[in-house]
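Let me begin by presenting the structure, written as structure tokens, before commenting on it.
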Amino acid sequence: AWFNASKQPEENEYSSRYVWTNGAFVGVKDHPYMAGMSDRNGAYMLNFFASQPALNYGWLDRTESWMSAVDSPEAIATKEAMKDIMRFWLDRGADGFRVDMADSLVKNDDNKKSATAKIWRDVRNMLDQEYPEAALVSEWSNPEQAINGGGFHMDFYLDHWHNGYNTLLRDYETGGEDHSFFLKSGKGDICRFLNDYMPKYKATKQNGYISMFTCNHDTPRPANTLTPEELKIAYAFILTMPGVPFIYYGDEIGMRYMKDIRSKEGGFHRTGSRTPMQWDNNANKGFSTAEAHQLYLAVDSSEDAPNVADQLNDENSLYATTKSLVALRHKYADLQADADFNVIYAEKEKMPFVYKRGKLILAINPSSVEETISLDELQGYNPIYTIGKASIEDTTLTIGPSSFVVLQRG
């Protein structure tokens, strides 16, 4: 309704709710835009696709007369309208918001996204005053800007090129050979992750949480590159790190990325990670009783497609392991969001990776060979949770291939 009103040639309450130029033949420099789609004499800026016009939160660097200032009445009206929408859903029981493209509000913002962060800080202040239990998580992948600047409780550690998360599950940066840390081939390097993660963690740990996830709607599912055995070790890492982890639906059973599925509403290559949840072996994998052609997206119809029912009572299944890891995190405060995190052993292209959460010591060996390591810090520690094989004698830990262990003193 907002945009239908905004595109009218007559001035109205919503004329400035979106970014419009002052002429149909006037584009938006360095930004995508559409023109000639209505009788209004202007072009509208896009946030992404043609169906996603950019809301007007103002421009920090104004180079044209039609660009609103960040503190203009029209930009402030947009911000206040969005806060009212948030109130609407919070009043109806919503627990919080995941904000897509959270860093994109103010146009021509500076490199630190300071004007955009200021808007989110205002939103956070509103939540603290009116809905103190509500949570905000950003799709920003810059925790210092999102958490320290914008006041988000959490910031997703997105699967971006040249960041640490990218080296863990699906490494796009090593040409034809995948050197993801959790591949059993053993060619990964945890230091590539730590060199990026640690400065971000230290800079934000007092103010909010870096959130790692198994996958999201924009990335190929991890089962696309990792086996169920490898996924167990990867999830053990994600679910024992600081911050607030997210499990994308279906990843707990190893749902696959459907590569050749037809795109829907701008999904394109991402569509394969958005297919229906697979519950059992009935029609449409238990997701719906509708005819298959009526579904929004097709269900994985392969005979060996994973489903919940097959794994529910299988103690060796990926689902069972994921469930036990979640329970482990709930049981021990040292594995939860705020507990201290310190690296004990991490050497370039060597295994295992050993780290400490609170008073617990954890070790991961995703490689295909057994590893033995002696560390003074291991004195007096014993295994309390294991995936694969692990044993300790005095200060020497032996950890099997594709294995994970949690150690406790005493």
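Under this note's numbering, read the sequence shown as residues 439 to 848, first letter to last. We put the beta carbon where it would ideally sit given N, CA and C, even for glycine. On a predicted model such as this, the values are computed, not experimentally measured, just so you know.
With respect to the beta strand (DSSP E) encompassing residue 780, which residues constitute its N-terminal and C-terminal limits?
For the purposes of this step, residue 780 is taken as residue 342 along the sequence shown, with counting starting at 1. Unbroken beta strand (DSSP E) run through residue 780: 779–783.
Using DSSP with H/G/I as helix, E/B as strand and the rest coil, what is residue 533?
Residue mapping note: residue 533 aligns to position 95 of the sequence shown, counting from 1. Residue 533: coil per DSSP, three-state reduction.
Within its chain, find whatever has a CB closer than 8 angstroms to the CB of residue 749; leave out the 5 residues flanking it on each side and keep chain order.
Locating residue 749 in the sequence shown gives position 311, where the first residue counts as 1. Closer than 8 angstroms at Cβ, skipping near neighbours: 691, 755, 756, 757, 758.
If we call anything under 8 angstroms between Cβ atoms a contact, is residue 628 one with residue 652?
Reading the sequence shown from its first residue, position 190 is the one you call residue 628. Reading the sequence shown from its first residue, position 214 is the one you call residue 652. Cβ atoms of residue 628 and residue 652: not closer than 8 angstroms.
Where the beta strand (DSSP E) through residue 819 begins and ends
In the sequence shown, the residue the question calls residue 819 occupies position 381. Run containing residue 819: 819–825, per the beta strand (DSSP E) assignment.
Which one of 801, 805, 807, 809 has the shortest CA to CA distance from residue 815?
As a first step, residue 815 must be located in the sequence shown, where it is residue number 377. Looking at the Cα atoms, 801 is the closest of the given residues.
Using CA atoms only, rank isn't needed, just tell me which of 636, 545, 735, 544 is closest to residue 582.
Counted from its first residue, the sequence shown places residue 582 at position 144. Of 636, 545, 735, 544, the residue nearest in Cα terms is 636.
Hey, out of 469, 685, 570, whose CA is closest to residue 650's CA?
Looking up residue 650 in the sequence shown gives position 212. If we check each option's Cα against that of residue 650, 685 comes out closest.
Since residue 567 is in the alpha helix (DSSP H), which residue starts that stretch and which ends it?
Translated into positions along the sequence shown, residue 567 becomes position 129. Residue 567: member of the alpha helix (DSSP H) spanning 552–568, first to last residue.
Keeping to the same chain, check which residues put their C-beta closer than 8 angstroms to that of residue 456; ignore five residues upstream and five downstream.
As a position in the sequence shown, residue 456 is number 18, starting the count at 1. 440, 441, 444, 482, 483, 491, 492, 493, 494, listed in sequence order.
Can residue 459 and residue 504 be called in contact, C-beta distance under 8 angstroms?
In the sequence shown, residue 459 corresponds to position 21, counting from 1. In the sequence shown, residue 504 corresponds to position 66, counting from 1. Against a cut-off of 8 angstroms, the Cβ pair of residue 504 and residue 459 comes out as a contact.
Is it the case that the region 732–743 contacts the region 518–535, given that we only count it when at least three CB pairs across the two stretches are under 8 angstroms?
no
By how many angstroms is the C-alpha of residue 544 removed from the C-alpha of residue 513?
Counting from one through the sequence shown, the residue named residue 513 turns up at place 75. Counting from one through the sequence shown, the residue named residue 544 turns up at place 106. Whole-angstrom Cα-Cα distance: 9 angstroms.
Hey, how far is the Cα of residue 844 from the Cα of residue 760?
Taking the first residue of the sequence shown as 1, we reach residue 844 at position 406. Taking the first residue of the sequence shown as 1, we reach residue 760 at position 322. About 15 angstroms.
In three-state terms, what does DSSP make of residue 699?
Your numbering for residue 699 matches position 261 in the sequence shown. Under the three-state reduction of DSSP, residue 699 is assigned to coil, being neither helix nor strand.
Could you tell me whether the region 558–566 touches the region 593–602, where touching means 3 or more Cβ pairs closer than 8 angstroms?
Counting C-beta pairs with one atom in each stretch, the region 558–566 and the region 593–602 have fewer than three that are closer than 8 angstroms, which means they do not touch.
Would you mind reading off the limits of the beta strand (DSSP E) that contains residue 846?
For the purposes of this step, residue 846 is identified with residue 408 of the sequence shown, where counting begins at 1. Run containing residue 846: 841–847, per the beta strand (DSSP E) assignment.
Whose C-beta lies closer than 7 angstroms to the C-beta of residue 474 among residues of the same chain, with five residues either side of it excluded?
Reading the sequence shown from its first residue, position 36 is the one you call residue 474. Cβ neighbours of residue 474 within its own chain (closer than 7 angstroms, five residues either side excluded): 462.
According to the Cβ coordinates, are residue 630 and residue 618 closer than 8 angstroms?
The residue given as residue 630 occupies position 192 in the sequence shown. The residue given as residue 618 occupies position 180 in the sequence shown. Their beta carbons are not under 8 angstroms apart, which means residue 630 does not touch residue 618 by this criterion.
Closer than 8 angstroms by C-beta to residue 852: which residues in its own chain qualify, once you throw out the five before and the five after it? Chain order, please.
Missing from the structure shown is residue 852; the chain here goes from 439 to 848 and no further.
Could you compute how far the alpha carbon of residue 791 sits from the alpha carbon of residue 646?
Along the sequence shown, read from residue 1 onward, the residue named residue 791 stands at position 353. Along the sequence shown, read from residue 1 onward, the residue named residue 646 stands at position 208. Each residue's Cα considered, the two are about 25 angstroms apart.
Starting from residue 831, follow its DSSP beta bridges and name the residues at the other end.
Locating residue 831 in the sequence shown gives position 393, where the first residue counts as 1. BP columns for residue 831 point to 834.
Closest to residue 606 by C-alpha separation, out of 508, 672, 783, 578, would be which residue?
Position 168 of the sequence shown holds residue 606. Ranking the options by Cα distance to residue 606, first place goes to 672.
Under 8 angstroms between the Cβ atoms of residue 827 and residue 805?
For the purposes of this step, residue 827 is taken as residue 389 along the sequence shown, with counting starting at 1. For the purposes of this step, residue 805 is taken as residue 367 along the sequence shown, with counting starting at 1. Their beta carbons are not under 8 angstroms apart, which means residue 827 does not touch residue 805 by this criterion.
Are the beta-carbon atoms belonging to residue 710 and residue 702 less than 8 angstroms from one another?
Position 272 of the sequence shown, counting from 1, holds the residue named residue 710. Position 264 of the sequence shown, counting from 1, holds the residue named residue 702. Not a contact, by the Cβ cut-off of 8 angstroms.
Is it buried or exposed, residue 527, if we count other Cβ atoms within 10 angstroms and call 16 or more buried?
Counting from one through the sequence shown, the residue named residue 527 turns up at place 89. Exposed is the call here.
At a Cβ threshold of 8 angstroms, is residue 754 touching chain C?
Within the model displayed, chain C is absent; a lone protein chain is all it includes.
Just verifying my parser: in three-state terms, what is the DSSP assignment at residue 582?
For the purposes of this step, residue 582 is taken as the residue at position 144 of the sequence shown. The answer is helix: DSSP assigns residue 582 an H, G or I state.
Secondary structure, beta strand (DSSP E): runs of 3+ residues fully inside the region 604–672:
647–649
Note down, in chain order, each residue of its chain lying with its Cβ closer than 7 angstroms to the Cβ of residue 825, except the 5 sequence neighbours on either side.
Taking the first residue of the sequence shown as position 1, residue 825 is located at position 387. Leaving aside the five residues that flank residue 825 on each side, the residues in its chain whose CB is nearer than 7 angstroms to its CB run, in chain order, 670, 671, 674, 759, 841, 842.
So, using beta-carbon positions, are residue 714 and residue 746 closer together than 8 angstroms?
What you label residue 714 is simply residue 276 of the sequence shown in a count that begins at 1. What you label residue 746 is simply residue 308 of the sequence shown in a count that begins at 1. Cβ atoms of residue 714 and residue 746: not closer than 8 angstroms.
Unbroken stretches of the alpha helix (DSSP H), 4 residues or longer, contained in the region 454–541:
Qualifying alpha helix (DSSP H) stretches, in chain order: 511–529.
Can you tell me which residues form a DSSP beta bridge with residue 803?
On the sequence shown, residue 803 is found 365 positions in, with the first residue counted as 1. Note: residue 803 sits in a beta bridge opposite 841.
Relative to the alpha-carbon of residue 679, which residue among 773, 668, 634, 720 has its alpha-carbon at the smallest distance?
Residue 679 sits at position 241 when you count from the first residue of the sequence shown. For residue 679, the nearest C-alpha among the options comes from 773.
Residue 759, enclosing alpha helix (DSSP H) - first and last residue:
Counted from its first residue, the sequence shown places residue 759 at position 321. Start and end: 756–769.
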